[in-house]
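Peer 1:
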Amino acid sequence: MVTMADLAVDIQNLTFSYTEDAGVHFAGLNLQIPKGERFGIFGPNGAGKTTLMSLMTGLISAESGSIKLLGQPIGIKKDKEVNKLFGFVPQDFSFYQELSPAENLEFFGAWAGLTKKQTNQRTTELLEVLGLQDVRNQSVEKFSGGMKRRVNLAIGVIHNPAILILDEPTVGVDVQTRHAIIDYLHKINDAGTTLVYTSHQLGEAEDLCNEVALIDDGQIIAQGDLDGLMEKYGQPTLEGLFLNLTGKQYRD
Amino acid sequence: MYKLKATIIKDIRILLRDKVGIALMFIMPIILVVIVTSIQNSTFQLVNKNRIAMMVCNRDTGKLSTQLIQSIDKIGMFKMISIPKTEAEEAIKNRMRGKDALLAIVIPADYTQKITAKAKNVSGKALNSFGLNGDTVNKKISVNPLTMYFQPILQQSYRFSINGALRSALQIVESRETLRQLYFAINEKPLPEALEKDLLNNQTNINEVPVSISGGTIMPNASQHNVPAWTIFAMFFIIISLGGSVVREKLSGSFIRLKTLPTDFMVALISKQITYLGVTLLQAVVIFSMGIWLFPLIGLPALNLPSDYLALLVVTLVCGWCAVSYAICMGVYAHTQEQANGFGAVSIVILAAIGGLLVPSFAMPDGFKTVAVLSPLHWSIEAYYSLFLEGGKLKDVIPNLLPLLGITVLIQLAAYIGLKKKNLI
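So this is what it looks like as structure tokens:
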């Protein structure tokens, strides 16, 4: 039995719709993600994955219902203390391309609430682990897509968050970089970080996630541990499970 | 405080790597201020030192046309180039088209004859009015006009000045001849040269006194007018760098990431304002320094700084803050960097025009004078002129700074609403 104290993410009766585009909406969505999970959220294009992540990170506000991260409501308080609890790795390269990885981390570290000393320490650690030490002082705009993805990830984890929310963190990278990123995510999960992840790379998701939720039209159509779901629906892979539950027709 | 410091360092690093932006913020205004001041200074000198080339075709053979040419030469505005008296009208025009001179005058063949006749007529009238018997009274004398050809590039204001100068020379010749005729009619001998000089040269001079707030009498020059004006222009032109920077941050998703971090977004806005306010101050220091030290070396009048340095600093800070606010606001509402740069640059030129930077406000039509108060550049230039030209103090520029601050607050509010609407804060 999972108690409230064991939950990393607790979404209750979430209602949301875009005023100019009523296509994506949630009507009374409930989702609980226990601490320490590697939780994958999957669905076809337009299903509401990115919208759900935006709601979880406070980028947009729900019309009703609540979202709590480690028991603290997101997007309510103005002091943004709850934002220290999570890190966010957006799908886009959300950093300053004119700056070097070290300069980006120095800035985002300060914004994440670290001291100068803590920032410097984490910068050295992360650049080493993610293979960016040799280019730490070079401008990011000259980097390959894979290197930029690693910078994007490093910024998301600079403050060692308890929850890491990742929106397609490996899109457009080569196999080596993908493996490096997934290995790193396993490593921080082992250290206690809860991962909330979405991707269209379902093979990669099988390697990473131990629990998944499939959403379509703003509703969770299946949720559970990956192996159990595949067994329940008689599908040998996550991709098979995905197609079985969401169909093969185009969604955009 | 560490967050703000780190953000300012980030903004400075990005700024320093924006080579095009730096060029536009510093090099462009420097070039502009040197060129415009040189041009305006040369137009001052056009009247005072440099002479306008003027061809003179004297078809008259009498002495009065020679005296007219001497009078025109004495004005000092023109470099006289004589052309043959037989030169046809079309040939003169061809010389003009060949850029031989900006101006040409043709003195009619009967100039001396007609002016002499007119002078006799006027002196006769005068004698009659004295109760003496005068000749040639009531004859209608029609003097053929002096023809002035000019290059169309010669602006209307210069033509007015030239026209006035030529009229003055014509008046001198006519008056002198009338005096001579009158004297001869009364005394039957020529007007003595000494008396003629006394009668004609005893002109009252014009004593030009600039009425300044401080009571000082330093004569304004092209540098005093242009350096403050183009400094304001430069400050507002940071829109190219800052507006573009805001758009880039929006498009790159950096704003989104910042919003998810446990720091108030106001830190980012304050940092941008501090960083770019520093840039505007630096622009002012660089451009003023050029005016003070470089201008005399290249033959331009030196810039004299106002005596109230505190007022100068306050005005520069408020102008800079307004410029920064405007750039941020443009960046918030623009969808692309091209929009921010294009609309931003054009809007600054428009605001400069209606604000009185390109044409003085007093010379504008009434409608434009009303609109001018909406331009922050108008209040900026008024404040600077109060200090640089009128010798004003801090209390004298407050009436200009208050509207400027009001406009700045409105721009900040518009930027805040834009950020809210776009869900960026």
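Protein chains in written order, with our numbering: chain A, 245 to 496; chain B, 889 to 1313.
The beta carbon of each residue, even a glycine, is placed where N, CA and C say it ideally should be.
(1) With distances taken from CA atoms, which of T949(B), M965(B), S959(B) is nearest T882(B)?
(2) Using 8 Å as the Cβ pair cut-off and three pairs as the minimum, do the region 474-489 of chain A and the region 302-320 of chain A touch?
(3) Taking CB distances under 8 Å as the criterion, tell me whether K891(B) reaches chain A.
(4) Which complete beta strand (DSSP E) runs does the region 378-414 of chain A hold, if anything under 3 residues is left out?
(5) Within its chain, find whatever has a CB closer than 6 Å to the CB of A1172(B); leave out the 5 residues flanking it on each side and keep chain order.
(6) So, at 7 Å on beta carbons, what are the nonlocal neighbours of R1047(B) in its own chain, with the 5 sequence-adjacent residues on each side left out?
(7) Would a check of beta-carbon distances place S1142(B) closer than 8 Å to chain A?
(8) Run through chain B and tell me which residues come within less than 8 Å of E342(A), C-beta to C-beta.
(9) Short of 9 Å Cβ to Cβ, which residues in the region 1148-1165 of chain B face chain D?
(10) Near L920(B), what residues of its chain come up, given a Cβ to Cβ distance below 8 Å and the 5 sequence neighbours on each side ignored?
(11) With DSSP run on the structure shown, which of helix, strand or coil describes M1178(B)?
(12) For I464(A), which residues from the same chain have a beta carbon less than 6 Å from its beta carbon, with the 5 sequence-adjacent residues on both sides left out?
(13) With a cut-off of 8 Å, does the C-beta of K898(B) fall near any C-beta of chain A?
(14) Do you know how far the Cα of S1049(B) is from the Cα of I1029(B)?
(15) Counting pairs of Cβ atoms below 8 Å between the region 348-360 of chain A and the region 903-913 of chain B, do you hit three or more?
(16) Looking only at its chain, what residues have a beta carbon closer than 7 Å to the beta carbon of R947(B), apart from the 5 residues adjacent to it on each side?
(17) How would you call P1248(B), buried or exposed, if buried means at least 16 neighbouring beta carbons within 10 angstroms?
(18) Of all the options C453(A), N381(A), T247(A), which has the alpha carbon lying nearest to the alpha carbon of I409(A)?
(19) Below 8 Å between beta carbons: does that hold for I426(A) and E412(A)?
(20) List, in order along the chain, the chain A residues whose C-beta lies closer than 9 Å to that of L1146(B)?
(21) Between K898(B) and L473(A), how many whole angstroms is the CB-CB distance? I'm expecting something under 8 Å.
(22) Pop quiz: V924(B) and N1114(B) are said to be a contact at Cβ under 8 Å. What is the actual Cβ separation, rounded to whole angstroms?
(23) Less than 7 Å separating the Cβ of L1191(B) from some heavy atom of the ligand HEM?
(24) With C-beta atoms as the reference, is S959(B) less than 8 Å away from V1061(B)?
(25) Are there 16 or more other CB atoms within 10 angstroms of the CB of L1087(B), so buried, or fewer, so exposed?
(26) Enumerate in chain order the residues of its own chain whose CB-to-CB distance from K1281(B) is below 7 Å, with the five nearest sequence positions on each side excluded.
(27) Just how far apart, CA to CA, sit L1169(B) and K392(A)?
(28) Where does F1018(B) land, buried or exposed, given buried means 16+ other C-beta within 10 angstroms?
(29) DSSP state of P317(A), grouped into three classes?
(30) Can you tell which of K1257(B), V1220(B), A1240(B) has the C-alpha that lies nearest to the C-alpha of G1306(B)?
(31) Buried or exposed for L1191(B), please, with buried defined as at least 16 other CB atoms from any protein chain shown within 10 angstroms of its CB.
(32) Under the rule that 16 or more other beta-carbon atoms within 10 Å means buried, what is E978(B), buried or exposed?
(33) Since I believe S338(A) is in contact with I1242(B) (beta carbons under 8 Å), could you give me their beta-carbon distance rounded to a whole number of angstroms?
(34) Go ahead and pull the three-state DSSP assignment for N1109(B).
(35) Does any residue of chain A bring its CB to less than 8 Å from the CB of N1229(B)?
(36) Could you tell me the alpha carbon to alpha carbon distance between F286(A) and L303(A), rounded to whole angstroms?
Peer 2: The relevant details are as follows:
(1) Residue 882(B) is absent from the model: chain B starts at 889 and stops at 1313.
(2) no
(3) yes
(4) 407-411
(5) T1119, T1204
(6) Around R1047(B), the same chain offers F1038 as residues with beta carbons nearer than 7 Å, after the five sequence neighbours per side are excluded.
(7) yes
(8) R901, I902, R905, D906
(9) In the displayed structure, chain D is absent; the protein chains listed are A and B.
(10) W1118, F1121, A1122
(11) In this structure, M1178(B) counts as helix in the three-state DSSP scheme.
(12) A457
(13) yes
(14) 28 Å
(15) no
(16) K973, V994, I995, P996, A997
(17) exposed
(18) C453(A)
(19) no
(20) S338, F352, W355
(21) With 8 Å as the limit, K898(B) and L473(A) do not qualify as a contact, their Cβ atoms being about 44 Å apart.
(22) That belief holds up - the Cβ atoms of V924(B) and N1114(B) are roughly 5 Å apart, short of 8 Å.
(23) By its list of ligands, the structure shown contains no ligand whatsoever, and the ligand HEM lies outside what it can speak to.
(24) yes
(25) exposed
(26) These residues qualify, in order along the chain: D1196, A1199.
(27) 36 Å
(28) exposed
(29) strand
(30) V1220(B)
(31) buried
(32) Under this definition E978(B) is an exposed residue.
(33) 40 Å between Cβ atoms; not a contact.
(34) Residue state, collapsed to three classes: coil.
(35) no
(36) 20 Å
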